Every structure is written in structure tokens, then in C-alpha cells.
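Novice:
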Amino acid sequence: MRLQYTGPKPLISSHGINFDLNKEDKFVYLSIVAELIRALDHEYEEDKRYVYMTSGRPLDNDLILSIIQAKNPLLEEEVLRRRQIVNDEIDEELERARSNKLLCEEERDVLLKNIEMLRSYRISRSLNKTVYYSGITSIAQIVKNGHIDHISSPMYPKFMHVFHSLQGVLGKLHPPIDSSIDIFQEDGHLQIRLNILFRK
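Structural data, given as C-alpha cells:
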């Protein structure tokens, strides 16, 4: 298993291939996820504030993978399962394209080639997404087990995306954990804070 940037979500048709630039590859968030795991995964004392300084540069891909994999020993199996699911979905798309009577033969051939051409691209994106959500789930468990009441960071769009994902996973835990996101200014800099609202 190897992490690498793939690209935005492909939009495949019989007329060509476009990319949805609003659906970025989860790879771009993986370093933040790994840094959050490193920052949060330790013993906690009540009423103590913890500060973690990042290196300011993205982590090495192998290090990212080892950090996330250390929290989820089943990650490799999950990736293989997801790869098979995506492969099966692509095979189904190819079958639908072959039997599509609305397309002329030339359009059908173009569509089939476009789908097949992006097979490894889509599988690579699914690998990144699986690793990303594995990391987010690990962070949610760390938050739950450590009764962490908030996480703050500089207000960057990538942190906002990760915090939103974390919010979604926290809400799906059993029992669900509510949370809110605040954006505020501190010392002249915008900050983002994920507030975790444990039920009493």
C-alpha cells in the first residue's frame, strides 16, 4: 500500500473527461489527520491545556501511513476490500456503457475507454479516502476516550475540512457525540475550534 496524490474527482462521459475541482483528493488532508493523531494520542489530566506545534511542512507519506495504521491494524484489509468494491463498480459501469442503446457506437467506445483509462486513478483516490476516514475515526475514538472538550488550530481551509469530517464521525458514534465549530480571532489571527459536547 502506497499513498500518493491522485487528483480531484473525475467526471467521465462519452464526450471526454473533466474533473470536479470542488471534490479534492483526500490525500491533501492526510498529513493534518496524522498530525492530529500525534497531537491528541496521549494520557490526559483534567483541566490541563495541551499545545502541539506542527513542523509546518507536510509529513512524509510513509510516516503518515504508519501513524494511521498504528491506530487501525485492519487498515490494509479495509483498503483491499474498498479496492475490490471500486473495481466491481467500474466493471458495472463498463457493463452499463456496453448495453447503453442511447449512445452511438463511437460514443460508446469513447465512454468505455474513458472509464477504463481512469480505473487506477479512481482506485488510488479510494485508497486515499479509506486511509483518511480510518484516521478520522481514530481521532474520534481518541476524543471520546480522552474526553477532549475542544481542539483548536489556525483557520485554514484544510483544517476546516478535517474538523467537519471529524464532526460527522463523532455524530455517528454510539452514543453519538455532538460538536460545534467556532471561528474566532486570537492575537490578530483567525482560529478554528471544534467544541466537543459530551452528554452528562
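Just so you know, we're using numbering that gives the first Met the number 0 here: the sequence shown kicks off at 0 and counts up by one. Yeah, the Cβ is synthetic: ideal placement off N, Cα and C, and Gly gets one too. Please read all numbers here as calculations on a predicted model, not as lab measurements.
Where does D87 fall in DSSP's three states?
Specialist: Of the three classes helix, strand and coil, the one that applies to D87 here is helix, per DSSP.
Novice: Locate the alpha helix (DSSP H) running through R107, then write down its first and last residues.
Specialist: Residues 104–116.
Novice: With 16 as the cutoff for other CB atoms within 10 Å, does R198 come out buried or exposed?
Specialist: Answer is exposed; the Cβ neighbour count stays below 16.
Novice: If we call anything under 8 Å between Cβ atoms a contact, is I141 one with D40?
Specialist: A contact, by the Cβ cut-off of 8 Å.
Novice: Which residue from N99, Y120, I122 puts its Cα closest to that of L111?
Specialist: Cα-wise, what sits closest to L111 is N99.
Novice: Output needed for K70: all residues of its chain with C-beta closer than 7 Å, excluding positions within five of it in sequence on either side, in chain order.
Specialist: Excluding positions up to five away in sequence, the list reads I36, S137.
Novice: With K8 as the anchor, note down where its alpha helix (DSSP H) starts and where it stops.
Specialist: Taken as a continuous stretch (DSSP letters only), K8 belongs to no alpha helix (DSSP H), being part of the beta strand (DSSP E) at 8–12.
Novice: Which two residues bound the contiguous beta strand (DSSP E) that contains P153?
Specialist: Unbroken beta strand (DSSP E) run through P153: 149–153.
Novice: To the nearest angstrom, how far is it from the Cα of I150 to the Cα of I114?
Specialist: I150 and I114: Cα-Cα distance of roughly 41 Å.
Novice: Less than 8 Å separating the beta-carbons of L117 and P9?
Specialist: Cβ atoms of L117 and P9: closer than 8 Å.
Novice: Whole-angstrom Cβ separation of Y4 and F18, contact assumed at under 8 Å?
Specialist: With a Cβ gap of about 13 Å, Y4 and F18 do not count as contacting.
Novice: Looking only at its own chain, which residues have a Cβ that is under 7 Å from the Cβ of I63, when we skip the five neighbours before and after it?
Specialist: Excluding positions up to five away in sequence, the list reads L2, L29, S30, A33.
Novice: Assuming S133 and E77 make a contact with CB atoms under 8 Å, what is their CB distance in whole Å?
Specialist: Sure, about 7 Å apart at Cβ, within 8 Å.
Novice: Pop quiz: I195 and L169 are said to be a contact at Cβ under 8 Å. What is the actual Cβ separation, rounded to whole angstroms?
Specialist: Indeed they touch by this definition, with Cβ atoms about 7 Å apart.
Novice: Which of the three DSSP states, helix, strand or coil, is assigned to H188?
Specialist: In this structure, H188 counts as strand in the three-state DSSP scheme.
Novice: Note down, in chain order, each residue of its chain lying with its Cβ closer than 7 Å to the Cβ of K157, except the 5 sequence neighbours on either side.
Specialist: Closer than 7 Å at Cβ, skipping near neighbours: V27, Y28, I31.
Novice: Per DSSP, what are the beta-bridge partners of D181 in this structure?
Specialist: Its beta-bridge partners are R192.
Novice: Counting only runs of 4+ residues fully inside the segment 28–102, write out the alpha helix (DSSP H) ranges in chain order.
Specialist: Correct list: 29–39, 60–70, 74–97.
Novice: Does V161 pass the burial test, meaning 16 or more other C-beta atoms within 10 Å, or should it be called exposed?
Specialist: Label assigned to V161: buried.
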